[in-house]
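Participant:
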Amino acid sequence: MPAPTTLLTGDPFVAGLLDMCRRKGVKLATAESCTGGMVGCWITEIPGSSDVFDRGFITYSNDAKQEMLGVQAKTLAAHGAVSEEVAAEMALGALAHSAADMAVSITGIAGPGGSDHKPEGRVCFGLAETTGGTTAVTTETVEFGARGRDQVRRAAARHALELIDAALSAR
């Protein structure tokens with residue numbers, strides 16, 4: 001398997017993930033901020049991904065998060081864009097605005113920059129899924145550290161795919 005921060009075109013991990021989606025009848029959507037569509041890009045590098053990948057939302061600005069995914073202004077004001085609360089609303093919004101059964105969201109600080117309160121390399125993830133008519137969402141925050149913008153973005157995209165893999169494996 002490639003190093004956690006790199007994926008190759010047509011990566012076998014992603015191909016296996018899509019095969020698992022097919023076997024389990026799951027369609028995917030993504031809602032990406034700091035990764036700028038990288039997860040969707042890696043998924044669509046695999047031939048035949050269109051039968052599994054419904055759509056991706058690139059919601060880099062707060063306005064885009066609100067307009068495209070329905071993230072509430074009060075959530076952004078109370079917690080900031082880089083928060084598990086916003087990641088949850090992004091993932092749920094991606095489900096609501098797609099034909100997907102599972103959606104992953106990513107919002108973070110790729111760098112450079114950050115603050116003591118929200119350092120560079122902090123990325124929040126959401127995973128929403130509908131099973132048997134019930135929708136559930138889980139969130140987590142990962143501190144990738146100040147390893148540089150490109151490496152944080154790649155690590156975050158890879159982690160999002162690993163979250164999908166874990167959720168599919170648990171089904």
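Counting in UniProt numbering, the sequence shown runs from 1 upward without gaps.
Ideal placement from N, C-alpha and C gives every residue a C-beta, glycine not left out.
#1: Quick one, are the C-beta atoms of D51 and R22 less than 9 Å apart?
#2: Count the CB pairs spanning the stretch 120-139 and the stretch 60-75 that are closer than 8 Å, and state whether there are at least three.
#3: Locate the alpha helix (DSSP H) running through F144, then write down its first and last residues.
#4: What are the start and end residues of each continuous beta strand (DSSP E) run of 3 or more residues lying completely inside the UniProt domain "CinA C-terminal" (17-166), in chain order?
#5: Taking the C-alpha atoms as reference points, what is the distance between L18 and L28?
#6: Quick one: what's got a C-beta closer than 8 Å to H79's C-beta in the same chain, skipping five residues either side?
#7: Excluding the five sequence neighbours on either side, which residues of its own chain have a C-beta within less than 7 Å of the C-beta of M1, listed in chain order?
#8: Measure the alpha-carbon distance for S61 versus G132 and round it to whole angstroms.
#9: Can F125 and V142 be called in contact, C-beta distance under 9 Å?
#10: What's the C-alpha gap between D150 and R171?
#11: Can you tell me the Cβ-Cβ gap for L92 and A128, rounded? I've got them flagged as a contact below 8 Å.
#12: Since A160 contacts I106 with CB under 8 Å, what's their CB separation in whole angstroms?
#13: Note down the Cα distance separating D11 from I46, rounded to an integer number of angstroms.
#14: Can you give me the C-alpha to C-alpha distance between L168 and M20, rounded to a whole angstrom?
Facilitator: Working from what's here:
#1: Taking the sequence shown and counting its residues from 1, the one referred to as residue 51 is at position 51. Taking the sequence shown and counting its residues from 1, the one referred to as residue 22 is at position 22. The Cβ-Cβ distance between D51 and R22 falls below 9 Å.
#2: Segments in contact, no.
#3: Numbered from 1 along the sequence shown, position 144 holds the residue referred to as residue 144. In the DSSP assignment, F144 falls outside any alpha helix (DSSP H), carrying neither H nor E.
#4: Taking only runs of at least 3 residues, the beta strand (DSSP E) segments lying wholly in the UniProt domain "CinA C-terminal" (17-166) are 28-32, 53-58, 102-108, 122-131 and 134-143.
#5: The count along the sequence shown starts at 1 and reaches residue 18 at position 18. The count along the sequence shown starts at 1 and reaches residue 28 at position 28. In a straight line, the C-alpha of L18 is about 9 Å away from that of L28.
#6: Against the sequence shown, residue 79 aligns to sequence position 79. Residues of the same chain with a CB within less than 8 Å of the CB of H79, apart from the 5 flanking positions on each side, are E85 and V86 in chain order.
#7: Counting from 1 along the sequence shown, the entry for residue 1 is found at position 1. Because the pLDDT of M1 is 38, which lies under 50, any placement of that residue in the model is unreliable, and the number read from its coordinates should be weighed accordingly. Cβ neighbours of M1 beyond the five flanking positions: F13.
#8: The residue given as residue 61 occupies position 61 in the sequence shown. The residue given as residue 132 occupies position 132 in the sequence shown. Going by the C-alpha atoms only, they are around 33 Å apart.
#9: In the sequence shown, residue 125 corresponds to position 125, counting from 1. In the sequence shown, residue 142 corresponds to position 142, counting from 1. Going by C-beta atoms, F125 is nearer than 9 Å to V142.
#10: Along the sequence shown, one-based indexing puts residue 150 at 150. Along the sequence shown, one-based indexing puts residue 171 at 171. Inter-residue distance for D150 and R171 is about 32 Å (C-alpha atoms, whole angstroms).
#11: Here residue 92 refers to the residue found at position 92 when the sequence shown is read from its first residue. Here residue 128 refers to the residue found at position 128 when the sequence shown is read from its first residue. Contact holds; Cβ gap of about 5 Å.
#12: Numbered from 1 along the sequence shown, position 160 holds the residue referred to as residue 160. Numbered from 1 along the sequence shown, position 106 holds the residue referred to as residue 106. Sure, about 5 Å apart at Cβ, within 8 Å.
#13: Taking the sequence shown and counting its residues from 1, one reaches residue 11 at position 11. Taking the sequence shown and counting its residues from 1, one reaches residue 46 at position 46. Cα to Cα, D11 sits roughly 8 Å from I46.
#14: Against the sequence shown, residue 168 aligns to sequence position 168. Against the sequence shown, residue 20 aligns to sequence position 20. Cα atoms of L168 and M20: separation of roughly 7 Å, rounded to the nearest angstrom.
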